[in-house]
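In my numbering, the protein residues as written are 2 to 129.
Some notes on the structure that comes next.
Printed below as a string of C-alpha cells:
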C-alpha cells in the first residue's frame, strides 16, 4: 500500500511540473461577438444581427425561453465575405413567449470548430 501511495505521489509531483501551455492561446481572438441586436418584426419573427469579426470563420447562435434557462444551439452561420451578419428566427411564438439569444464566434482549427466566449443574453424590447 505504501508503494502505491509513493508511486501516485511521485507521478503527481512530476505532472505538476509539466509545461501545460495551450498552443492556441493568444493565436485567435475568440471574444464574444459585439453589436448584437434582436428585433421583433411584426410579431411574426425575430432578426438577430451582430458585427463582423475578422477572426471568425463563423458564428453559433443559441436560444432560450428565459434569461437564465438552458440555451440550445439553433443555427451555425458560416461567415462569408461581404455577407450580412444576421439570422431570421421564424420558429417562435411571440404571443406567449420571450426569447433570449447568445452568440459565439468559432474558428476552424485542424478540422474542428474552436468556440469562443458566448455573449451575454440578448432579447428584444429590454434594452439589451
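From the three backbone atoms N, C-alpha and C, an ideal C-beta is built for every residue, glycine too.
Keep in mind the model is a prediction, meaning the values are calculated, not measured.
Asked                                                                                                                                                             : Found
Closer than 6 Å by C-beta to residue 115: which residues in its own chain qualify, once you throw out the five before and the five after it? Chain order, please. : 108
Could you tell me the alpha carbon to alpha carbon distance between residue 68 and residue 122, rounded to whole angstroms?                                       : 6 Å
Buried or exposed for residue 49, going by 16 or more other Cβ atoms inside 10 Å?                                                                                 : buried
Rounded to whole angstroms, what is the Cα-Cα separation between residue 96 and residue 111?                                                                      : 44 Å
Can you give me the Cβ contacts of residue 76 inside the same chain, cut-off strictly under 6 Å, excluding the 5 residues immediately before and after it?        : 62, 88
Would you kindly work out how many angstroms separate the C-alpha atoms of residue 31 and residue 45, rounded to a whole number?                                  : 33 Å
Find out if the Cβ-Cβ distance for the pair residue 72, residue 101 is shorter than 9 Å.                                                                          : yes
Look up residue 119 in the DSSP assignment and say whether it is helix, strand or coil.                                                                           : coil
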